[in-house]
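Take a look at the structure below.
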């Protein structure tokens, strides 16, 4: 991969994980419409409509272009570092729970990590969906086979604790469900198609279980990210109930999604096994 040439100050931040001085960045107060790009590789990262004035001294965004930004634990052991998913450039940090916007997240980004294109519009090529339907291994495996799906990540959501481990979620004390986060291209596959498949690869009539797996962490749930997703999920549930299925799937507003440990990702691809309780059953 070829990268743009960087100045010494840009290298200090982007490659050596430094921080620019507060209120000094050229994009801190920028209000033009456009797209913010990675300074090192030109990958689209943030849309101007997701930028807000946080008063912190750095450009702040309450959302990123789906799949563009990766979160990792910071070396200081306290914060969450954000990187360009394409090239790994250091961007800044993500902060949750500050209640600055409805999305309750602040991507705090160094201006020197960014370029800005006022003429570009970020193409609506990717969106996210979050589903829970028993063990995430099988849900991940089945949904990843659908054309138009870019990635599926196993993880935890819907609970109270932050950065939960698999062991903690299995205890049933966190309130989290085993879930998957799907990044998909809506031009190739609709959210409704994804949701229909979700309802056909697990049993939405089983309460707090799927097959041999029992507990609230195995509950059936759709975590909607916008009103359109909520409407689709509620419509499909009503359709299933009209067909006689006593659906127990909950429809919940999406909160933070915590990726599971690496050994849980692509589990069936790694092992060569097939899902034991996510057998396709046509319901629509």
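Numbering (full-length UniProt numbering), first residue to last: 1 to 284. All C-beta atoms in this analysis are idealised placements derived from N, C-alpha and C, irrespective of residue type, glycine included. Predicted, not measured: the structure shown is a model, and the values here were computed from it.
On a Cα-Cα basis, can you pick out the residue from 149, 20, 42, 249 that is closest to residue 224? Numbered from 1 along the chain shown, position 224 holds the residue referred to as residue 224. Considering only alpha carbons, the answer is 249.
Would residue 323 pass as a contact of residue 178 if the rule is Cβ separation under 9 Å? Summary: the structure shown does not reach residue 323, with the chain confined to residues 1 through 284, and so no result is reported for it.
Whole runs of the beta strand (DSSP E) within the segment 149 to 214, excluding any shorter than 3 residues: At a cut-off of 3 residues, the continuous stretches assigned as beta strand (DSSP E) that sit fully inside the segment 149 to 214 are 149 to 157, 177 to 184.
Quick check on DSSP: helix, strand or coil for residue 81? On the chain shown, residue 81 is found 81 positions in, with the first residue counted as 1. Residue 81 falls in the strand class under three-state DSSP.
How would you label residue 72, buried or exposed, when you count the other beta carbons within 10 angstroms and need 16 or more for buried? Counted from its first residue, the chain shown places residue 72 at position 72. By the neighbour-count definition (other C-beta atoms within 10 Å, threshold 16), residue 72 is an exposed residue.
Does the distance from the C-beta atom of residue 131 to that of residue 143 stay below 9 Å? By one-based count along the chain shown, residue 131 stands at place 131. By one-based count along the chain shown, residue 143 stands at place 143. Yes, Cβ-Cβ distance for residue 131 and residue 143 is below 9 Å.
With a threshold of 6 Å on Cβ separation, who are the neighbours of residue 57 within its own chain once the five nearest residues in sequence on each side are excluded? By one-based count along the chain shown, residue 57 stands at place 57. Correct list, in chain order: 22, 23.
Length-filtered (3 minimum) beta strand (DSSP E) runs lying within the segment 209 to 256: DSSP runs (the beta strand (DSSP E)) wholly in the segment 209 to 256: 220 to 224, 250 to 253.
Opposite residue 117 in the DSSP bridges: which residues? Position 117 of the chain shown, counted from the first residue, corresponds to residue 117. Beta-bridge partners of residue 117 (DSSP): 35.
Compute the beta-carbon to beta-carbon distance between residue 151 and residue 183, rounded to the nearest angstrom, for a pair I have assumed lies under 8 Å. Here residue 151 corresponds to residue number 151 of the chain shown, with the count starting at 1. Here residue 183 corresponds to residue number 183 of the chain shown, with the count starting at 1. Between residue 151 and residue 183 a beta carbon distance of about 5 Å is seen, short of the 8 Å cut, so the two are scored as contacting.
Have a look at residue 45 and residue 80 and give me their C-alpha separation to the nearest angstrom. Indexing the chain shown from 1 puts residue 45 at position 45. Indexing the chain shown from 1 puts residue 80 at position 80. One C-alpha to the other measures close to 17 Å.
Using the Cα positions of residue 251 and residue 262, report the straight-line distance between them to the nearest angstrom. Translated into the one-based positions of the chain shown, residue 251 becomes position 251. Translated into the one-based positions of the chain shown, residue 262 becomes position 262. So the two alpha carbons sit approximately 27 Å from each other.
Distance, Cα to Cα, residue 196 vs residue 92? Taking the first residue of the chain shown as 1, we reach residue 196 at position 196. Taking the first residue of the chain shown as 1, we reach residue 92 at position 92. Whole-angstrom Cα-Cα distance: 38 Å.
Hey, residue 39 and residue 112 are a contact pair by Cβ (cut 8 Å); roughly how many whole angstroms apart? Start at 1 with the first residue of the chain shown, and residue 39 comes out as number 39. Start at 1 with the first residue of the chain shown, and residue 112 comes out as number 112. That belief holds up - the Cβ atoms of residue 39 and residue 112 are roughly 7 Å apart, short of 8 Å.
If residue 210 sits next to residue 133, beta carbons under 8 Å apart, how far is it from one beta carbon to the other, in whole angstroms? Position 210 of the chain shown holds residue 210. Position 133 of the chain shown holds residue 133. Contact flag correct, Cβ pair sits at about 6 Å.
Can the beta-carbon of residue 28 be found closer than 9 Å to that of residue 116? Residue 28 sits at position 28 when you count from the first residue of the chain shown. Residue 116 sits at position 116 when you count from the first residue of the chain shown. Between residue 28 and residue 116, the CB-CB gap reaches or exceeds 9 Å.
Note down the Cα distance separating residue 3 from residue 114, rounded to an integer number of angstroms. Your numbering for residue 3 matches position 3 in the chain shown. Your numbering for residue 114 matches position 114 in the chain shown. Their Cα atoms are separated by approximately 13 Å.
Do you know whose CA, among 220, 264, 171, 226, lies nearest residue 247's CA? For the purposes of this step, residue 247 is taken as residue 247 along the chain shown, with counting starting at 1. Looking from the CA of residue 247, the closest CA among 220, 264, 171, 226 belongs to 220.
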